[in-house]
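Novice: I'd like to ask some things about the structure below.
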Amino acid sequence: MNDCVLIETFNFKAEAIARRWKNFIRKESQLKHYNRLSDEQLCELNAPLYPQLARSIERGIDRKHIGAYFVGMGKDRMRMGFPVSEVVFACSLSQKAVVDYISFEFVHDNPLALYQAFSAIEKVNEFFFLGCFYVIKGFLEQTYESMNNNHKIPEELLKTYFKDDFFFKKDVESIT
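Counted the way the numbering used here counts, the sequence shown spans residues 1 to 176.
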């Protein structure tokens, strides 16, 4: 399994991986907000993630690209009313779905395939490690903006509790 196979898999099998993720979501009682969605809604919510993973494998790990995608996801999930803890857990389950897919579809009784799978999983882990970091940044940024704009909480007070340097204001505008 080389990078081309992975890229093709994540682009063309996104729905299959999203269904696997949906099954993981359904097993977790802590994910109350996610579990309120239909199977179709869950898959639609998750499937766009895997072509992003393919792009990262194809072009290399690009923090700005991964950051832009996951910050946007964090902002979207906050606006949709998901708790940040569920968003991070669901993101981790996306990683699990990919690793599970690689393990069952590509690893055979062949040492070379196992070695290649480890290499692929390393890339997947790096993508999702950065993704979890940036999804939290996006969620917090959206919370900050909502509290400042919609609830008129003074910015000085918000800065007391939101000590993060927000990603989106500086870096993403140059990407989009």
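Yeah, the Cβ is synthetic: ideal placement off N, Cα and C, and Gly gets one too.
Values in this document were obtained by computation on a predicted structure and should not be read as measured data.
#1: Would you report the Cα separation of Leu-130 and Glu-145, rounded to the nearest angstrom?
#2: Which of helix, strand or coil does DSSP assign to Ser-29?
#3: In chain order, which alpha helix (DSSP H) runs of at least 4 residues are fully inside the region 47-127?
#4: When you compare each of Asp-100, Tyr-34 and Ile-57 to Ser-85 by their alpha carbons, which one comes out closest?
#5: If we count Cβ pairs, one from each stretch, closer than 8 Å, do we get three or more for the region 144-164 versus the region 80-94?
#6: Answer with buried or exposed for Gly-74, where buried requires no fewer than 16 other C-beta atoms within 10 angstroms of its C-beta.
#7: Between which two residues does the alpha helix (DSSP H) harbouring Ile-7 extend?
#8: Pick from Gln-52, Asp-39, Gln-30 and Val-71: whose alpha carbon is nearest that of Ala-90?
#9: Find the nearest neighbour of Leu-45 within the set Glu-15, Ala-54, Val-99 and Gly-67, judged by alpha-carbon distance.
#10: Return the first residue and the last residue of the alpha helix (DSSP H) that Leu-157 is part of.
#11: With a 10 Å radius around its C-beta and 16 neighbouring C-beta atoms as the bar for buried, classify Tyr-5 as buried or exposed.
#12: In whole angstroms, what separates the C-alpha of Glu-40 from that of Asp-76?
#13: Once the 5 residues before and after Asp-100 are set aside, which same chain residues still bring their CB inside 7 Å of it?
#14: Work out the CA separation of His-65 and Val-107 for me, nearest whole Å.
Specialist: Result, derived from the coordinates:
#1: 22 Å
#2: coil
#3: 49-59, 63-80 and 84-106
#4: Tyr-34
#5: no
#6: buried
#7: 3-12
#8: Gln-30
#9: Glu-15
#10: 155-161
#11: Here residue 5 turns out to be Val, not Tyr, going by the sequence shown. Exposed is the call here.
#12: 18 Å
#13: Arg-20
#14: 29 Å
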